[in-house]
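Q:
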Amino acid sequence: MNPNVVPRKLIGLNELKVNDIKLRRLFILIDGKKDLNELADSCHMDLQECVEKINELKKLSAVDVDEDELSGSSGGDVLDEYGLECSDFNDCLIKSLSLFIGPVASLIVEKNVQKKEKMNVYQMHTIIENLSKEIDKIEDRKKFIDLMKGKITEKLKD
Numbered sequence: 003m004n005p006n007v008v009p010r011k012l013i014g015l016n017e018l019k020v021n022d023i024k025l026r027r028l029f030i031l032i033d034g035k036k037d038l039n040e041l042a043d044s045c046h047m048d049l050q051e052c053v054e055k056i057n058e059l060k061k062l063s064a065v066d067v068d069e070d071e072l073s074g075s076s077g078g079d080v081l082d083e084y085g086l087e088c089s090d091f092n093d094c095l096i097k098s099l100s101l102f103i104g105p106v107a108s109l110i111v112e113k114n115v116q117k118k119e120k121m122n123v124y125q126m127h128t129i130i131e132n133l134s135k136e137i138d139k140i141e142d143r144k145k146f147i148d149l150m151k152g153k154i155t156e157k158l159k160d
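First residue of the sequence shown? That's 3 in this note's numbering, and the numbers climb one at a time after it.
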C-alpha cells in the first residue's frame with residue numbers, strides 16, 4: 003500500500019465494534035488529511051503495522067483508502083492526479099474539498115453553496131475562493147483552487 007495515501011472514515015467511532023486499543027486509536031486519528039506515514043507516527047507504530055491496521059479497518063468497512071488517488075500523474079493536468087469524476091459543480095466541490103479536509107466537506111458545501119441551475123464562471127470562482135479558506139495549509143488551498151478551476155475549464159471545453 004502506498005504510504006502517501008490518505009484514509010477516510012466511512013463510519014463514526016460509536017459504530018466501530020472492536021476492542022483493539024491500537025485499532026481504535028488509529029481510527030480516531032484518521033481525519034482525511036494525514037497519510038499513512040503521519041498516522042503511523044501519531045500512533046507510535048511502524049508503517050507495516052499501520053498498514054495492517056488500516057487493512058483491518060477496510061475489512062470492517064470503517065475506512066476507505068483510494069490508492070489510485072495519490073499515485074501521481076505523469077506531469078499532466080492536476081485533475082489527473084486525483085482522478086475525480088463529478089456529476090455537477092457542487093459534487094466537484096464536495097469531492098475536491100474532501101481531499102483536503104475530509105468528509106466534513108459535504109456539510110460545508112451544503113451550508114455555503116446554494117444550488118443553482120446556471121452559475122457564471124465568476125460566481126464559481128468566488129465560491130471556490132471562499133471554500134478554499136476552510137483548508138489550513140496554503141499549499142493545499144492552492145491545489146484545491148487549481149483543481150476546481152481546472153474542472154471548470156474542462157467543463158467549458160465540453
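Using N, Cα and C, we set each Cβ at its ideal position, and we do this for glycine too.
Since the structure is predicted, the reported quantities are computational estimates derived from the model, not experimental observations.
1) Measure the alpha-carbon distance for Ala-42 versus Pro-9 and round it to whole angstroms.
2) Does Val-32 pass the burial test, meaning 16 or more other C-beta atoms within 10 Å, or should it be called exposed?
3) How is the alpha helix (DSSP H) around Lys-36 delimited, first residue to last?
4) Taking DSSP as the reference, what is the three-state secondary structure of Val-65?
5) Between which two residues does the alpha helix (DSSP H) holding Ser-108 run?
6) Tell me which residue opens and which closes the alpha helix (DSSP H) that Glu-131 is part of.
7) What is the residue span of the alpha helix (DSSP H) that Asp-93 lies within?
8) Based on Cα-Cα distance, which residue from Val-20, Lys-153, Ile-96, Ser-100 lies nearest to Lys-36?
9) Using the C-alpha atoms, what's the distance from Lys-24 back to Ile-154?
10) So what does DSSP say about Lys-11, is it helix, strand or coil?
11) Taking just the CA atoms, how far does Ser-108 sit from Gln-125?
12) Specify the secondary structure class of Asp-48 as computed by DSSP and reduced to three states.
A: With the given structure in hand:
1) Here residue 42 refers to the residue found at position 40 when the sequence shown is read from its first residue. Here residue 9 refers to the residue found at position 7 when the sequence shown is read from its first residue. Here the alpha carbon of Ala-42 sits roughly 12 Å from the alpha carbon of Pro-9.
2) Walking along the sequence shown from the start, residue 32 turns up at place 30. The question names Val, but residue 32 is Ile in the sequence shown. Its Cβ being crowded by 16 or more others within 10 Å, Ile-32 is buried.
3) Start at 1 with the first residue of the sequence shown, and residue 36 comes out as number 34. For Lys-36, there is no enclosing alpha helix (DSSP H), as DSSP gives it neither H nor E.
4) The sequence position of residue 65 within the sequence shown is 63, counting from 1. Residue state, collapsed to three classes: strand.
5) Here residue 108 corresponds to residue number 106 of the sequence shown, with the count starting at 1. Boundaries of the alpha helix (DSSP H) around Ser-108: 107 to 114.
6) Looking up residue 131 in the sequence shown gives position 129. Boundaries of the alpha helix (DSSP H) harbouring Glu-131: 123 to 134, taken from the DSSP string.
7) Walking along the sequence shown from the start, residue 93 turns up at place 91. Element bounds for Asp-93: 91 to 103.
8) For the purposes of this step, residue 36 is taken as the residue at position 34 of the sequence shown. In terms of Cα proximity to Lys-36, the closest of Val-20, Lys-153, Ile-96, Ser-100 is Ser-100.
9) The count along the sequence shown starts at 1 and reaches residue 154 at position 152. The count along the sequence shown starts at 1 and reaches residue 24 at position 22. Straight-line Cα distance between these residues: approximately 42 Å.
10) For the purposes of this step, residue 11 is taken as the residue at position 9 of the sequence shown. Of the three classes helix, strand and coil, the one that applies to Lys-11 here is strand, per DSSP.
11) Here residue 125 refers to the residue found at position 123 of the sequence shown. Here residue 108 refers to the residue found at position 106 of the sequence shown. Looking at the two C-alpha atoms, the distance is approximately 19 Å.
12) For the purposes of this step, residue 48 is taken as residue 46 along the sequence shown, with counting starting at 1. Three-state result, Asp-48: coil.
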